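A.B. asks: Dumping the structure here so I can ask a few things about it.
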Amino acid sequence: MAVEMANNQWIWHVDEQIPTDVEQGRRIITDLLDQLGKQGWAESDVFAVQLAVEEALVNAIKHGNQFDEQKQVHIACGLSESRLWIQITDEGGGFDPADVPDPTDPANLENPSGRGIMLMRSFMSLVEYNESGNRVSMEKCREP
Amino acid sequence: MASHRHLAMTEVGDVAVVRFLDRKILDQANIEELGKELSSLVTQEGRRKLLLNFEDVDFLSSAALGKLIVLDKRVKEHSGTLKLSNIRPEIKEVFVITRLNRVFDIYDDEEDALKSFG
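Residue numbers (my numbering), protein chains in the order written: chain Y, 1 to 144; chain F, 1001 to 1118.
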């Protein structure tokens, strides 16, 4: 289970409500990646985090909030010496991740979309959705 | 030859070698434009042999993968050949995880890719 720690246990943390605007989310991602760099995280880990968080952010804005500018996205993130935790919540109706077709199934392989969640699960140490599916929590354990 | 905002094309023999001008291919609007530019190489400029060189690309999102799939279909519809090269290891891993390495013809470097066109 993805575990949030108290704020005083993080080297760096963020807790922001942003409008349904990818650029606002990317501002936070950029800050996060800068922090990972400052803490000396491996390039491969930084790539993994950028990929997974980018996919989760786009999913929240595009699929969750349906690009509705009246809706918000909540981003909470904490970075410790060895772990990154991030949670993204949209104001959409949610979904069941189990309903997403396997993009590696030969029947789906040439679909132009549907790979985001799979990439999140592949590149992060842990990915969890809440029951309604409008919140994703992810963890990345730092490569030793 | 049409001008492009997101890619630079050179000709090596009859192969159109394409390099990307965006180091990070993630913005949706840019990806849409990039997709159109790639398609236009085939549909408007009549290119039938395409090599996409990813040496200058540090990052791409799954939406960008989608545009590559669409391009691949477009190339095949026009009886052409599409190959990819110089993909950095982290991005190569994305192709492997998604099994798109089975869809695309991927080479370590441009020279090997060009030789494979025959």
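Every residue, glycine too, gets a C-beta built ideally from N, C-alpha and C.
In this text the structure is predicted, and so the values were computed from the model without any measurement.
Let me confirm a value: C77 (chain Y) is counted as buried when at least 16 other C-beta atoms fall within 10 Å, else exposed. Which label applies?
C.D. replies: Buried.
A.B. asks: Any idea if I1091 (chain F) is buried or exposed, counting beta-carbon neighbours within 10 angstroms, 16 or more meaning buried?
C.D. replies: Buried: at least 16 other Cβ atoms inside 10 Å.
A.B. asks: Note down, in chain order, all residues in the stretch 108-120 of chain Y with a beta-carbon under 9 Å from any beta-carbon belonging to chain F.
C.D. replies: Listed by position along the chain: L109, E110, N111, P112, S113, G114, R115, G116, M118 and L119.
A.B. asks: Which of the residues in the stretch 1013-1042 of chain F, read from start to end, lie with their CB under 8 Å from any CB of chain Y?
C.D. replies: Result list: L1026, D1027 and Q1028.
A.B. asks: Check whether chain Y comes within 9 Å of D1072 (chain F), counting only Cβ atoms and requiring the distance to be less than that.
C.D. replies: Output row for D1072 (chain F): interface = yes.
A.B. asks: Count the other C-beta atoms from every protein chain shown that fall within 10 angstroms of the C-beta of T20 (chain Y), then say buried if there are 16 or more, exposed otherwise.
C.D. replies: Buried is the call here.
A.B. asks: Whose C-beta lies closer than 8 Å to the C-beta of M124 (chain Y) among residues of the same chain, with five residues either side of it excluded?
C.D. replies: Excluding sequence neighbours, M124 (chain Y) sits near A48, V49, A52, M138, E139 and K140.
A.B. asks: Please list, in chain order, the chain Y residues whose beta carbon lies closer than 9 Å to that of F1059 (chain F).
C.D. replies: Simply F47, Q50, L51 and E54.
A.B. asks: Does the separation of the CB atoms of E55 (chain Y) and G93 (chain Y) fall below 9 Å?
C.D. replies: Cβ atoms of E55 (chain Y) and G93 (chain Y): not closer than 9 Å.
A.B. asks: Should V1075 (chain F) be flagged as near chain Y, meaning a C-beta pair shorter than 9 Å?
C.D. replies: For V1075 (chain F), the answer is no, since every Cβ of chain Y falls outside 9 Å of its Cβ.
A.B. asks: Identify whether F1020 (chain F) lies in helix, strand or coil by the three-state DSSP scheme.
C.D. replies: Strand.
A.B. asks: According to DSSP, is D96 (chain Y) helix, strand or coil?
C.D. replies: Three-state result, D96 (chain Y): coil.
A.B. asks: Please confirm whether N20 (chain Y) has its beta-carbon closer than 9 Å to some beta-carbon of chain F.
C.D. replies: One detail in the question is off: residue 20 (chain Y) reads as Thr in this sequence, not Asn. Cβ-Cβ to chain F under 9 Å: no for T20 (chain Y).
A.B. asks: Any beta-carbon of chain F closer than 9 Å to the one on V136 (chain Y)?
C.D. replies: Output row for V136 (chain Y): interface = no.
A.B. asks: At the level of alpha carbons, what is the spacing between G1035 (chain F) and Q9 (chain Y)?
C.D. replies: Roughly 44 Å between the two C-alpha positions.
A.B. asks: Residues of chain F with CB closer than 7 Å to the CB of T30 (chain Y), please, in chain order.
C.D. replies: Going along chain F, no residue has its Cβ under 7 Å from T30 (chain Y), so there is no contact; the nearest lies around 11 Å.
A.B. asks: Per DSSP, which one or two residues make a beta bridge with W12 (chain Y)?
C.D. replies: Beta-bridge pairing links W12 (chain Y) to Y:L79.
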